[in-house]
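From first to last, the protein sequence lines are chains A and B. Read in the working numbering, the first sequence has 92 at position 96, and its numbers run on one by one without any break. Read in the working numbering, the second sequence has 31 at position 35, and its numbers run on one by one without any break. Virtual Cβ for every residue (Gly too), placed ideally from N, Cα, C. Being a predicted model, the structure only gives us computed values, none of them experimental.
Protein chains: 2
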Amino acid sequence: MGKRFSTEEWDGMPERTGNAGHRAAPVHTHPDDVTLLTALSALADPVRIQLVRELAAQPDWTLSCSNFDVPVGRAAKSHHFTVLRGAGLVEQRDQGPKRLNRLRREEFDARFPGLLELTLRADESD
Amino acid sequence: MGKRFSTEEWDGMPERTGNAGHRAAPVHTHPDDVTLLTALSALADPVRIQLVRELAAQPDWTLSCSNFDVPVGRAAKSHHFTVLRGAGLVEQRDQGPKRLNRLRREEFDARFPGLLELTLRADESD
DNA sequence: CCCATTGTTCGATGACCATCATACAGTGCG
DNA sequence: CGCACTGTATGATGGTCATCGAACAATGGG
């Protein structure tokens, strides 16, 4: 399992570290490189729990950041996605001006078995 | 300076909730009444992770608070135990001047399956 | 080539939290 | 009783973090 990015064929892309345009590619952290403390801290926030749940409720690569309905502004939302990437929970891919998201289910669950399932359980009020 | 309990007030108190002495019984929260956010927040702290692990490494009711080896003073340690009780992770029982501890394995695991096991896994550096 | 959309960065701000030192209280023992 | 031990409460402090507004940048469409 050497590949960390889904090296798909989103357009004829040159090198660029898997980035099609001139934009700085988002910094990702593989779950294997994530600490338990980091993972728990990332999920110990109501907004981020919400983001993860909304993300899990839709197919991969269908939601851009602006599509998430959380009660914070753009800046804070961007910050939360940075945290989620740093915890190995979310992968992002640029498509045009948008940044599409994917929940790293398998990888994260392999590193922290059960944690994601626990977070996605429906019977949680807050 | 704040309000302090006088011995007289407490001498008149009825119902000491299963407490043998005159000391205020520790406030417990059952895991069923605990929010996922609360549980994750409680475990998203290096000192508390350490406390839970040390607690899990010994038989129930064998460790008093002072027996735990964490790099904080008594006051902070007491605070951490309050948080752990509030998250349904720890149960405490007074015995003499000491306060003995027990990890609520079954109950907590029933409420948050896998979370405790995840925390107790040995291959975690920080 | 302008421009709306999307997302990031930056500085500031306020809230929360972990920690400490200190004072206080309960317990049991000599 | 007096004392050592154990844990809690209080108030202060410093640090981290979530949030915002505003400025900036990238992208693609008219």
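If I follow the unbroken alpha helix (DSSP H) through residue i, where does it start and stop?
{"i": "LEU85 (chain B)", "result": "Unbroken run through LEU85 (chain B): none, as it is neither H nor E."}
{"i": "VAL104 (chain B)", "result": "It should be pointed out that residue 104 (chain B) corresponds to Phe in this sequence rather than to Val. Element bounds for PHE104 (chain B): 101 to 107."}
{"i": "GLN46 (chain A)", "result": "42 to 52"}
{"i": "THR31 (chain B)", "result": "Looking at the DSSP string, THR31 (chain B) is not in any alpha helix (DSSP H), and its letter there is neither H nor E."}
{"i": "THR115 (chain A)", "result": "111 to 116"}
Counting C-beta neighbours from all protein chains within 10 Å, is the total for residue i 16 or more, i.e. buried, or is it exposed?
{"i": "ALA53 (chain B)", "result": "exposed"}
{"i": "VAL23 (chain B)", "result": "exposed"}
{"i": "LEU112 (chain A)", "result": "buried"}
{"i": "ALA20 (chain B)", "result": "exposed"}
{"i": "ALA124 (chain B)", "result": "Because chain B spans -3 through 122 in this model, residue 124 (chain B) falls outside it and cannot be assessed."}
{"i": "ARG70 (chain B)", "result": "exposed"}
{"i": "ALA72 (chain B)", "result": "exposed"}
{"i": "ARG89 (chain A)", "result": "buried"}
When DSSP builds the beta bridges, which residues end up paired with residue i?
{"i": "SER60 (chain A)", "result": "A:LEU96"}
{"i": "GLN91 (chain B)", "result": "B:LYS94"}
Skipping 5 residues on each side, what residues in its chain have a beta carbon closer than 7 Å to that of residue i?
{"i": "ASP28 (chain B)", "result": "ARG107"}
{"i": "GLY110 (chain B)", "result": "none"}
{"i": "ARG100 (chain A)", "result": "PRO27, GLY84, LEU85, VAL86 and GLU87"}
{"i": "VAL43 (chain B)", "result": "VAL66, VAL68 and HIS76"}
Spatial neighbours of residue i within its chain, please: CB distance less than 8 Å, with the 5 preceding and 5 following residues excluded, ordered by chain position.
{"i": "HIS26 (chain B)", "result": "GLY84 and GLU103"}
{"i": "ALA38 (chain A)", "result": "ARG44, VAL79, LEU80, GLY82, ALA83 and LEU85"}
{"i": "THR115 (chain A)", "result": "LEU39, ILE45, VAL48 and ARG49"}
{"i": "ASP105 (chain B)", "result": "LEU111, LEU112 and GLU113"}
{"i": "LEU32 (chain A)", "result": "PHE108"}
Given residue i, which residues of its chain have a CB within under 6 Å of its CB, disregarding the five upstream and five downstream residues?
{"i": "ARG56 (chain B)", "result": "The question names Arg, yet the displayed sequence has Asp at residue 56 (chain B). ARG98."}
{"i": "ALA35 (chain A)", "result": "ALA83 and PHE108"}
{"i": "PHE64 (chain A)", "result": "LEU47 and GLU50"}
{"i": "ARG117 (chain A)", "result": "none"}
{"i": "VAL30 (chain A)", "result": "ALA83 and GLY84"}
Exercise for the section: Flag this pair as touching only if the segment 45 to 52 of chain B and the segment 75 to 93 of chain B have three or more C-beta atom pairs under 8 Å; answer yes or no. Expected result: Short answer: they touch.
Problem - Contact between the segment 86 to 101 of chain B and the segment 60 to 71 of chain B (3+ Cβ pairs under 8 Å) - result: At 8 Å Cβ cutoff, the stretches touch.
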